[in-house]
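Undergrad: Chains as they are written, first to last, in the working numbering: chain X, 159 to 647; chain S, 6 to 168; chain E, 245 to 753. Even glycine gets a Cβ: it sits at the ideal position worked out from N, Cα and C. None of these values were measured; they are calculated from a predicted model.
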């Protein structure tokens with residue numbers, strides 16, 4: 159197949175899947191089969207697309223909405239990485255969702271799977287967007303399609319959380335991001351992603367600063383403080399959705415958009431001469447440290463993981479703002495590494511919840527004896543998040559350190575080190591106390607579900623935990639694959 | 006100064022009427038009185054137009070005397086409607102012998118009076134319906150009743166939502 | 245395809261499309277009174293609207309071919325005779341009014357049958373046709389006084405139509421009465437303004453007036469006073485903040501069909517008149533440089549966008565909420581017009597067209613709910629997403645367009661507005677646009693959340709979709725919104741031609 163058809167295929171598979179799920183709503187088994195088939199074939203199509211990329215970059219112009227607003231898709235290495243991560247993890251997450259949703263007997267499952275497929279549609283669009291307009295459109299598709307997922311439980315609390323989620327994301331994207339996009343268009347004359355930066359040489363430092371701030375805070379999905387609070391609030395969602403938000407699509411789409419803007423709209427040269435770059439870098443470092451500190455104080459497992467995500471993804475923003483090749487590279491690798499690690503952690507949290515109904519860390523002491531697989535997976539993923547080789551999380555941290563020193567931002571290196579220490583402090587106690595409780599700990603509460611966690615729900619995190627190990631050895635190839643996109647830095 | 010004021014006497018009268026009409030419209034709570042005010046306001050505008058059309062020393066705009074003869078001689082030329090406009094312009098520039106008032110504002114105001122009458126009729130019909138359904142034609146009383154109903158409905162909604 | 249349809253029309257109709265567009269509905273209004281029942285009147289209304297639409301399409305072709313179509317009523321040539329004059333700007337509004345007219349007419353029957361007493365049906369349709377005549381008359385005439393007459397024809401019948409909501413809710417009567425007071429004062433102000441201009445120029449033909457005004461000193465007081473009266477008068481009709489007080493109640497208590505039709509056309513036509521006077525009759529140099537209208541319109545528009553969006557957030561009744569939102573949206577249009585650039589004007593007009601489509605769709609969907617569940621409060625909408633999925637999906641799409649989501653029409657026009665503001669150096673206005681959009685997220689979000697995520701308050705609500713007659717026009721409007729969202733080239737051509745036409749009065753007489 160030609161690259162153009164492949165791009166169309168990648169875009170249409172989630173839509174077709176959503177339609178199929180709707181048609182099969184009366185037959186749950188077939189409905190779930192549709193999700194799985196969709197996920198697998200999407201991953202296959204993305205691999206095919208990436209493989210065909212070697213020869214020539216895949217491009218597709220679908221037409222223009224209005225003069226200047228063109229729906230264009232273009233796959234470059236960074237987008238390919240994001241597409242691979244998102245579509246690959248959709249498979250794992252689908253198996254897990256099926257187990258989880260059946261295990262917890264959730265209502266409205268059809269709507270859930272449809273919205274999930276639509277969210278993947280948005281994520282694929284973001285990954286393959288050929289210009290800023292297309293990116294913005296799919297960014298909003300992603301926001302809207304995930305809103306019903308966050309509100310899925312439908313009770314008062316879920317509705318409030320979902321409202322905050324929607325308001326923050328829409329508010330920042332309409333209020334800041336859109337203004338940035340329109341302004342970029344009127345300054346740069348187009349919205350194309352240009353290697354080396356669309357705005358390079360076209361704007362002065364003041365305009366560039368304001369624009370950068372508009373993008374950095376307008377892309378609310380990147381969860382840079384102070385626009386991070388939607389993420390903990392979205393914790394009311396079912397765990398597979400949290401995994402989607404944190405690992406697969408939503409936050410990843412945010413930091414991916416920031417990287418895209420940094421590399422292709424600003425470019426390293428313009429970024430390094432823009433005063434606001436320093437400020438955003440400072441905010442990112444602040445976010446890294448403060449969110450880790452907040453994570454330490456949270457006893458609710460999912461809330462702790464949420465603050466961990468905020469910190470870990472500020473790494474990507476920080477990497478983008480370092481404006482060096484190593485920084486960009488480290489940021490991109492962090493997208494993949496963190497995805498693998500964080501999805502594991504969330505699926506573990508979900509497994510514990512489905513089996514025991516527990517949500518607080520202090521109640522989980524000694525639970526590891528009953529759920530050894532889950533806690534081992536949690537342990538491995540924690541190490542990866544912390545950045546200990548030979549697990550995937552080690553690479554990006556190394557690259558970021560390199561970038562920080564290269565770019566002459568010594569303090570960023572210290573921030574990264576302190577953050578790693580804090581990560582150890584808030585992540586490692588959970589599996590360690592779970593597996594090796596201190597003497598005299600009372601026996602953990604019995605299973606809520608007599609048979610324990612469903613098989614899918616346990617197998618999925620174990621698989622991804624192993625993935626963090628495998629990814630470590632592939633990181634070199636990923637870096638080589640990404641390098642051309644970071645060129646000119 | 007006095008002359009300046011007196012020369013424009015009808016304009017002062019128009020302004021006075023306009024203010025009186027607008028004041029009644031806004032100040033009065035009685036809907037009939039508000040309609041009366043509106044009519045006075047509109048009438049002042051009619052007078053304004055008619056004043057505009059008046060030319061000092063001009064007679065009613067019906068051709069007479071030598072003008073009528075001159076015009077009569079040209080009748081066959083103006084048979085073609087396409088040239089009608091230029092014909093009139095021609096007459097204007099070359100000057101009629103007698104002075105006439107401008108007829109156009111009168112004609113316009115005939116139309117405006119019709120519009121005004123129609124508005125008044127609709128307004129009065131509405132007042133009748135308001136009287137039938139509220140038992141009052143005082144705007145503030147009607148508003149008070151409406152607010153009462155709205156409050157009651159909101160309270161109902163609250164009860165529904167909480168139950 | 246358009247050419248083939250037009251070529252199938254009789255020659256007489258093609259040659260006289262301009263007067264027929266207005267005259268046919270007017271005649272049919274008279275006939276409506278004498279037909280045996282309401283259903284026949286309804287059919288006549290659809291027929292009249294469709295003939296008008298065909299005339300508008302004919303005019304579109306003619307304008308495309310020859311630039312300006314001028315029809316001399318009674319054969320009297322302008323400037324003395326009354327002229328129907330159609331250029332790029334007129335045709336945009338004629339198409340808007342007639343298209344909405346046809347869709348509204350089709351959808352009207354179920355709601356009229358439910359909300360209006362049977363013996364009034366014929367009169368109701370007669371009044372509607374007169375209103376339709378007036379609105380298209382305003383958009384087609386080239387004579388300033390004639391514009392006033394058409395404006396009042398439409399307004400007087402509108403008061404009647406609004407008052408007919410009184411059988412459902414008596415609050416429609418005072419609402420109509422207040423609308424009548426405000427509307428008549430506005431129209432009278434307009435006449436005073438026209439009187440001043442007539443005194444200054446001696447002509448009523450708008451193109452002629454423009455030429456003569458160009459020769460008059462910029463600080464001539466009669467002209468300035470005339471301009472002020474006209475702007476205020478039309479401002480009332482267009483619901484320009486703070487002259488909008490009549491609108492929320494009138495929209496909230498009128499019969500559903502009337503609300504839908506008015507929201508999509510009435511204020512829009514007044515804005516047309518405003519553009520016609522601000523850009524054509526008074527040259528833009530005069531309006532925007534000598535009088536600096538931007539400094540009055542701009543802030544007023546921005547206040548409207550913020551204040552009325554804010555008020556919309558606190559409404560408990562969906563129709564009132566949408567009415568306040570309409571006033572806010574008028575602010576968007578006026579803002580585009582106020583900056584006085586061609587880009588701004590086309591953005592404002594673009595938003596006007598889009599708003600007509602999406603507000604029309606929203607009020608149509610609400611009409612469907614009124615029909616099936618007899619309630620317009622937000623609590624009445626709870627859980628309807630499950631009970632009436634087709635109606636509510638259309639409602640949601642139109643609502644998202646109102647917010648300005650990508651892939652919908654509302655996004656496109658906001659994009660153009662933002663760009664026009666940034667190009668003109670109105671950074672504040674851009675901030676206000678996004679702030680108002682955010683408020684729109686909140687007020688539409690409340691309703692959409694109730695519709696899709698709350699359990700129905702009333703357990704009687706089983707699956708009950710609005711009738712097909714209502715769903716078809718509703719979905720036509722909704723799909724149009726989506727279509728403009730992904731492919732707006734043609735409509736941008738149309739609004740840019742309109743902006744062009746309002747700047748340069750060409751093809752004189």
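#1: Go through its chain and collect everything with a Cβ distance to residue 307 of chain E's Cβ below 7 Å, but skip five positions before and after it.
#2: With three or more beta-carbon pairs closer than 8 Å as the criterion, would you say the region 716-731 of chain E touches the region 553-568 of chain E?
#3: Opposite residue 350 of chain X in the DSSP bridges: which residues?
#4: In three-state DSSP terms, what is residue 93 of chain S?
#5: Helix, strand or coil for residue 80 of chain S per DSSP?
#6: Go to residue 399 of chain E, then tell me how far its alpha helix (DSSP H) extends in each direction, as first and last residue.
#7: Do you know how far the Cα of residue 660 of chain E is from the Cα of residue 668 of chain E?
#8: Using a beta-carbon distance cut-off of less than 8 Å, what residues from the region 715-733 of chain E approach chain X?
#9: Output the boundary residues of the alpha helix (DSSP H) element that contains residue 441 of chain E.
#10: Can you name the residues of chain S whose CB is closer than 7 Å to the CB of residue 206 of chain E?
#11: Using the C-alpha atoms, what's the distance from residue 240 of chain X back to residue 499 of chain X?
#12: Evaluate the contact criterion for the region 401-413 of chain X versus the region 330-345 of chain X: three or more CB pairs, one atom per stretch, below 8 Å.
#13: Is it buried or exposed for residue 716 of chain E, if we count other Cβ within 10 angstroms and need 16 for buried?
#14: Identify, in the order they occur along the chain, each residue of the same chain with its Cβ nearer than 7 Å to the Cβ of residue 504 of chain E, setting aside the five sequence neighbours on each side.
#15: For residue 43 of chain S, decide whether its Cβ has a neighbour in chain E, counting only Cβ atoms nearer than 9 Å.
#16: Considering only residues of the same chain and omitting the five flanking positions on each side of residue 714 of chain E, which have a CB-CB separation below 6 Å?
#17: Output the distance between the C-alpha atoms of residue 263 of chain X and residue 316 of chain X, rounded to the nearest integer angstrom.
#18: Taking only beta carbons into account, state which residues of the region 323-344 of chain X come closer than 9 Å to chain E, listed in chain order.
#19: If you count every other CB in all the chains shown that lies within 10 Å of the CB of residue 628 of chain X, and 16 or more means buried, which is it?
#20: For the alpha helix (DSSP H) that residue 365 of chain E lies in, which residues bound it at each end?
#21: Tell me, please, whether the CB atom of residue 429 of chain E is closer than 9 Å to any CB atom in chain S?
#22: How would you label residue 527 of chain X, buried or exposed, when you count the other beta carbons within 10 angstroms and need 16 or more for buried?
#23: Which bits of chain S does residue 404 of chain E rub up against, with CB to CB less than 8 Å?
#24: Quick check: what's the CA-CA separation for residue 298 of chain E versus residue 373 of chain E?
#25: Could you check which residue in S/124, S/105, S/37 has the C-alpha nearest to that of residue 61 of chain S?
#26: Would you say residue 467 of chain E touches the ligand PLP, meaning its beta carbon is less than 8 Å from a heavy atom?
#27: From the DSSP output, read off the bridge partner residues of residue 561 of chain E.
#28: Return the first residue and the last residue of the alpha helix (DSSP H) that residue 137 of chain S is part of.
#29: At the level of alpha carbons, what is the spacing between residue 533 of chain X and residue 466 of chain X?
#30: Could you give the DSSP three-state label for residue 86 of chain S: helix, strand or coil?
#31: For the structure I just gave you, are there three or more beta carbon pairs, one from the region 556-572 of chain X and one from the region 479-489 of chain X, closer than 8 Å?
#32: Residues of the region 645-665 of chain E with a CB closer than 7 Å to any CB of chain X: list them in chain order, please.
#33: Within 10 angstroms of the Cβ of residue 265 of chain X, are there 16 or more other Cβ atoms? Answer buried if so, exposed if not.
#34: Use the C-beta contact count for residue 122 of chain S: other C-beta atoms within 10 angstroms, 16 or more gives buried, fewer gives exposed.
#35: With burial defined as no fewer than 16 other Cβ atoms inside 10 Å of the residue's Cβ, what is the status of residue 606 of chain X: buried or exposed?
#36: Can you name, in chain order, every residue of its own chain whose Cβ lies under 7 Å from the Cβ of residue 654 of chain E, other than the five neighbours on each side?
TA: Taking the coordinates as given:
#1: 313, 330, 331, 332, 335
#2: no
#3: X/289
#4: Since pLDDT at residue 93 of chain S reaches only 47, below the 50 mark, its modelled position is unreliable, and the value read off the structure follows with that caveat. If DSSP states are grouped into helix, strand and coil, residue 93 of chain S belongs with the helices.
#5: Legend: pLDDT at residue 80 of chain S = 43, less than 50; position of this residue unreliable, value from coordinates given subsequently. If DSSP states are grouped into helix, strand and coil, residue 80 of chain S belongs with the helices.
#6: 388-407
#7: 12 Å
#8: 729, 730, 731, 732, 733
#9: 416-445
#10: Residue coverage of chain E in this structure runs from 245 to 753, which leaves residue 206 of chain E outside it and unanswerable.
#11: 15 Å
#12: no
#13: exposed
#14: 348, 604, 607, 608, 611
#15: yes
#16: 351, 354, 612
#17: 17 Å
#18: 324, 325, 328, 329, 332, 333, 334, 336, 337, 339, 340, 341, 343, 344
#19: exposed
#20: 365-384
#21: yes
#22: exposed
#23: 127
#24: 16 Å
#25: S/105
#26: The model depicted lacks the ligand PLP and carries no ligand whatsoever.
#27: E/621
#28: 109-139
#29: 18 Å
#30: Because residue 86 of chain S sits at a pLDDT of 44, beneath the cut-off of 50, its placement in the model cannot be relied upon, and the point is left open.
#31: yes
#32: 648, 649, 650, 651, 656, 659, 662, 663
#33: exposed
#34: exposed
#35: exposed
#36: 598, 602, 645, 646, 647, 648
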